[in-house]
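K.L.:
Would you mind keeping the following structure in view while I ask a few things?
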Amino acid sequence: MPDRIELRNRISELELSNLFREKILDRSNNVIAYLEPLFNDRGDIEDFTIKYVNNRIEEITDLKVNEMIGLRWLDYDQQVMENGVFDRAKKCYSTGETINYTAKFVFGSLAVWFSARLVKLENGVVNFLKDITKEKEYERQLEIQNKLLLKAEYVASTGSFRWDLTNGTLSLSENVYKLLGYDAPFAANPTLDTILKFVHEKDMIWVRSIIAKTQETKERIDITFKVKTRTREVKYINTIGEYYPTQNNWYMVGVFKDVTRQIEHESLLQAKNAELKKINSDLEAFNRIASHDLQEPLRKIQMFISRLNVEERERMGPRSQNYLEKITSSTERMRNLISNLLSYSRIEDVEDKPTKIDLNEILTNVLEDLGERICETNASIKADKLPEINGVQFQMEQLFSNLIGNSLKYMAAETVPVVAIKHSSITVDALNQIPKLTAGTYHKLEFIDNGIGFDDQYGERIFEIFQRLHGKNEYSGTGLGLAICKKIVEAHNGIITATSKNTEGAVFTVYLPSLSK
0 MPDRIELRNR ISELELSNLF REKILDRSNN VIAYLEPLFN DRGDIEDFTI KYVNNRIEEI
60 TDLKVNEMIG LRWLDYDQQV MENGVFDRAK KCYSTGETIN YTAKFVFGSL AVWFSARLVK
120 LENGVVNFLK DITKEKEYER QLEIQNKLLL KAEYVASTGS FRWDLTNGTL SLSENVYKLL
180 GYDAPFAANP TLDTILKFVH EKDMIWVRSI IAKTQETKER IDITFKVKTR TREVKYINTI
240 GEYYPTQNNW YMVGVFKDVT RQIEHESLLQ AKNAELKKIN SDLEAFNRIA SHDLQEPLRK
300 IQMFISRLNV EERERMGPRS QNYLEKITSS TERMRNLISN LLSYSRIEDV EDKPTKIDLN
360 EILTNVLEDL GERICETNAS IKADKLPEIN GVQFQMEQLF SNLIGNSLKY MAAETVPVVA
420 IKHSSITVDA LNQIPKLTAG TYHKLEFIDN GIGFDDQYGE RIFEIFQRLH GKNEYSGTGL
480 GLAICKKIVE AHNGIITATS KNTEGAVFTV YLPSLSK
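For the sequence shown, numbering that gives the first Met the number 0 begins at 0 and goes up steadily by one.
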């Protein structure tokens, strides 16, 4: 009887022990599985029986513990053969060696990474598996970010560095080595002296002095110097570095940037600027000649022609009188040409600052100036109410005068000129784009006439200097009027265009920035 009681107590203790063990194991954050080997006739392990798995597997995956217990491992999950876990388990049981590994498992659409350990225990193997999926995802993201950073450095011709001032070592990004002509990092950790060997001999002393000074003051470095790469290519490198303290040390963190193309481009620009200064100087000399040296003899020629016309005309024959008229016409045309050239060259040099001006007043002044010609041609000029803009008044008057004057000039015989000036507001943005105009609000002014027009293929050419579509004997002019108009409009940050058909009139469209732009 006592033996039966003792046996029953022993059974109760075992049940309690098993119950306690399972409860403790189920609370573990790791998956814990116990596997017992199955041997073939030759005594080799051909599979394992799944004897125990804690409930943690159900929290990580959609697997069910009660569907796993008692099954053969390979029958249940062939992945352990493919990812090498099965062979590791066999080795662990056979040798008694504890084996650590990392493996990926796929359960349906779910991928899980485990950091695992195999331990031999009595007649089987315990497999401890820790879910490291989030860590792996983070590592992957970090790897992608590093690749993107390296790619960005390569595209931007930059590289980054970290300098430890205590031991003098440098941590360099891969692209720093590429900037110096190397395909891979150096075998040994580089130091400051390693990098300074690449500095051009002409810049060496200066660069060393800057570094020595900032080591004491901890000031920011921003310098550009020449280096010689492994292939003896000379490059300009801009280096920016900041000093950062830690508890026991100082570090400098910064970037290297290849600015060779930028430096070469700036040198080219400086040469171009010097050339432009010379051209501008020549133009200024031309202005002085045109404004005085050319006009003075021209005035004398006109004066003497006028005297000849008064004093000698009656004595001249028809041929001589015709010659005199041609000389008079040519000198007048030359005077207009010089005047227009001066106007064209001085548009951008005007000292008047833009102010708010009313284009209605501009139009009134221009119509008064053109009053005689308007009466002679019996012209009709109608205009919408025009806006106020920021501009230079006399230039706007010249613009209106040239455009309206052209409409009155280029008319077919016996045609009564009709000129309409229309106004509207437009917005230029990503959806409504107009070439050469930046985003904003503009005034659109259309000068529409019923003149002889022109072939639309010449819409751009007519704004070029000295361009004429008609012979000088047909219509007077110097070929500068529309070139002046274009330069005035562009000086006001606008554009001018022209459209037409032969004999069907022309439309000149001016876009000028709105005051609210």
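All C-beta atoms, glycine included, are put in the ideal place defined by N, C-alpha and C.
So what does Phe104 bridge to, in DSSP terms?
P.N.:
Beta-bridge pairing links Phe104 to Val111.
K.L.:
Roughly how many angstroms separate the alpha carbons of Lys381 and Val506, rounded to a whole number?
P.N.:
14 Å
K.L.:
Taking Cβ positions, are Leu358 and Cys484 nearer each other than 7 Å?
P.N.:
no
K.L.:
So that I know if they touch, is there some Cβ in chain D lying closer than 7 Å to that of Ile461?
P.N.:
Reference to chain D is not applicable here, since this structure consists of a single protein chain.
K.L.:
What are the boundary residues of the beta strand (DSSP E) that Thr496 is part of?
P.N.:
494-499
K.L.:
Express the C-alpha separation of Lys50 and Phe113 in angstroms, rounding to a whole number.
P.N.:
20 Å
K.L.:
Put Ile433 into one of helix, strand or coil per three-state DSSP.
P.N.:
coil
K.L.:
Would Leu171 be called buried (16 or more neighbouring beta carbons within 10 Å of its own) or exposed?
P.N.:
buried
K.L.:
In chain order, which beta strand (DSSP E) runs of at least 3 residues are fully inside the region 34-69?
P.N.:
44-52
K.L.:
Let me make sure I understand the geometry here. Which of Glu200, Leu307, Arg231 has the alpha-carbon closest to that of Phe224?
P.N.:
Glu200
K.L.:
So what does DSSP say about Pro416, is it helix, strand or coil?
P.N.:
If DSSP states are grouped into helix, strand and coil, Pro416 belongs with coil.
K.L.:
Given a cut-off of 7 Å on the beta-carbon distance, is the pair Met585 and Gly370 in contact?
P.N.:
Look at the range of the chain in this structure, 0 to 516, and you will see that residue 585 is not part of it.
K.L.:
Opposite Arg161 in the DSSP bridges: which residues?
P.N.:
Under DSSP, Arg161 forms a beta bridge with Ser170, Val252.
K.L.:
Tell me which residue opens and which closes the alpha helix (DSSP H) that Phe85 is part of.
P.N.:
84-94
K.L.:
Report the residue from Tyr235, Leu195, Glu503, Trp162 whose alpha carbon sits nearest the alpha carbon of Pro244.
P.N.:
Taking each of Tyr235, Leu195, Glu503, Trp162 in turn and checking the Cα distance to Pro244, the smallest one comes out for Trp162.
K.L.:
For Glu324 and Arg306, I'd like the C-alpha separation in whole angstroms.
P.N.:
13 Å
K.L.:
So which of Phe127, Lys384, Pro296 has the shortest CA-CA distance to Val118?
P.N.:
Ranking the options by Cα distance to Val118, first place goes to Phe127.
K.L.:
Does the Cβ-Cβ distance between Leu37 and Asp46 come in under 7 Å?
P.N.:
yes
K.L.:
Would you list the residues sitting across from Tyr243 in a DSSP beta bridge?
P.N.:
Tyr250
K.L.:
Sort Val52, Ser329, Asn39 by Cα distance to Ile300 and report the nearest one.
P.N.:
Ser329
K.L.:
Using alpha carbons as the reference points, say which of Tyr100, Leu109, Val105 lies closest to Val84.
P.N.:
Tyr100
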